[in-house]
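Enquirer: Under my numbering, the first residue of the sequence shown carries the number 2, and numbering increases by one thereafter.
Structure provided below as structure tokens; questions to follow.
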Amino acid sequence: MADDVRFDWERGARTRVPEVVLAESKSREQLLDIARQVLARQQRVLMTRVQAEKAAILAEQLPGRIHYHAQARTVVVAEMSAEEQLRGRPVRVAIVAAGTSDVPVVAEIEQSLQYLGEPAARYVDVGVAGLWRLTELAEELSEYSLLIAVAGMEGALFSVLAGLVPIPVIAVPVSVGYGVGAGGHVALNSALSSCVPGIAVVNIDNGFGAAALAVKLLGVNAKS
2 MADDVRFDWE RGARTRVPEV VLAESKSREQ LLDIARQVLA RQQRVLMTRV
52 QAEKAAILAE QLPGRIHYHA QARTVVVAEM SAEEQLRGRP VRVAIVAAGT
102 SDVPVVAEIE QSLQYLGEPA ARYVDVGVAG LWRLTELAEE LSEYSLLIAV
152 AGMEGALFSV LAGLVPIPVI AVPVSVGYGV GAGGHVALNS ALSSCVPGIA
202 VVNIDNGFGA AALAVKLLGV NAKS
């Protein structure tokens with residue numbers, strides 16, 4: 002592997018979450034180098050924020066081993082896709098999104114969870130502007146072990162959802178909004194300042210971070 006890449010091969014065994022590659026600022030040569038080393042070790046890796054042109058080059062150079070999800074902008078480098086490895090596993094996590102504009106981050110969460118061994122259900126366009134959509138789902142959502150809430154604008158979903166269910170909620174503020182709500186900062190501050198207990202917050206648009214936290218929380222729960 003090139004001198005500017007020092008891959009942490011033992012991170013998964015050490016922390017339960019293996020190293021994941023943020024592709025956005027890496028060159029196609031660096032990504033190809035990482036992918037080839039991963040396959041040579043008969044391992045797999047998740048790449049996030051992958052531009053379509055970089056994914057196309059990876060797929061051309063490593064046919065059959067590049068599993069690209071355009072909506073999530075993720076690539077799994079592996080002999081088989083994450084979906085194939087998850088057949089028959091129980092669904093313990095639900096992703097709840099305020100609006101359809103939040104779907105790219107929902108998809109990143111979904112793909113990250115699948116890579117980490119957790120299938121997920123999704124509920125999209127259930128924001129508080131039509132509160133009945135959420136309250137009708139409250140009982141169903143309470144059956145999951147954990148919820149990941151995704152919202153931009155004013156981020157009202159986080160507090161309302163956490164006030165309806167008896168399980169932990171991970172809040173993912175997203176950069177959907179305009180004016181004072183642009184960039185996701187209002188949603189982030191809303192999540193951080195919520196008066197409802199039981200909300201954990203990750204950074205703006207950090208779908209992978211939410212998935213990693215969910216997997217760790219589920220792991221702790223399994224040991225108790």
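Ideal Cβ placement from N, Cα and C applies to all residues, glycine included.
Model, not experiment: these values are computed from the prediction.
Which value, in whole angstroms, describes the spacing of the CA atoms of glutamate 30 and arginine 66?
Expert: Near 17 Å, if we compare the C-alpha coordinates of arginine 66 and glutamate 30.
Enquirer: Candidates Gly182, Val170 and Gly185: which alpha carbon is nearest valine 197's?
Expert: For valine 197, the nearest C-alpha among the options comes from Val170.
Enquirer: Flag this pair as touching only if the stretch 194-212 and the stretch 103-112 have three or more C-beta atom pairs under 8 Å; answer yes or no.
Expert: They touch, by the three-pair rule.
Enquirer: Is tyrosine 226 helix, strand or coil by DSSP?
Expert: Any answer about residue 226 is impossible in this case: the structure gives the chain only from 2 up to 225.
Enquirer: Just mark tyrosine 116 as buried or exposed, buried being the case when its beta carbon has 16 or more other beta carbons within 10 Å.
Expert: Buried: at least 16 other Cβ atoms inside 10 Å.
Enquirer: So what's alanine 99 in DSSP terms, helix, strand or just coil?
Expert: Reduced to three states, the DSSP call for alanine 99 is coil.
Enquirer: Note down the Cα distance separating alanine 226 from glycine 178, rounded to an integer number of angstroms.
Expert: This structure leaves residue 226 out entirely; the chain is present only between 2 and 225.
Enquirer: Please go through the same chain and pick out, in chain order, the residues whose beta-carbon is closer than 8 Å to the beta-carbon of arginine 90, but skip the five residues on each side of it.
Expert: Closer than 8 Å at the Cβ level, and outside the excluded window around arginine 90, lie Gly118, Glu119 and Pro120.
Enquirer: Can you say whether arginine 12 is buried or exposed, counting buried as having 16 or more other CB atoms within 10 angstroms of its CB?
Expert: It counts as exposed.
Enquirer: Consider the Cβ of alanine 56: report whether some Cβ of chain D lies at a distance smaller than 8 Å.
Expert: Note that chain D does not occur in the displayed structure, where there is just one protein chain.
Enquirer: Would you say valine 78 and valine 46 are within 8 Å of each other, going by their C-beta atoms?
Expert: Contact: yes.
Enquirer: Less than 6 Å between C-beta atoms, sequence neighbours within five positions excluded: which residues of the same chain meet that for isoleucine 58?
Expert: Result list for isoleucine 58: Arg29, in chain order.
Enquirer: In this structure, what does DSSP give as the bridge partners for leucine 148?
Expert: In the DSSP output, where bridge partners are listed per residue, leucine 148 has Ala95 and Val170.
Enquirer: In the DSSP output, which residue or residues are listed as bridge partners for histidine 70?
Expert: Paired residues: Thr75.
Enquirer: Have a look at the DSSP bridge pairing and note the partners of arginine 123.
Expert: Bridge partners of arginine 123: Ile96.
Enquirer: If you count every other CB in all the chains shown that lies within 10 Å of the CB of aspartate 206, and 16 or more means buried, which is it?
Expert: By the 10 Å Cβ count, aspartate 206 comes out buried.
Enquirer: Grab me the residues of leucine 162's own chain with a C-beta within less than 8 Å of its C-beta, minus the 5 sequence neighbours each way, in chain order.
Expert: These residues qualify, in order along the chain: Val97, Leu135, Leu142, Leu148, Ala150 and Val170.
Enquirer: Is leucine 158 near valine 129, with beta carbons less than 8 Å apart?
Expert: Result yes, Cβ atoms of leucine 158 and valine 129 sit closer than 8 Å.
Enquirer: How far does the beta strand (DSSP E) with alanine 139 in it reach, from first residue to last?
Expert: From DSSP, alanine 139 is part of no beta strand (DSSP E) but of the alpha helix (DSSP H) over 139-142.
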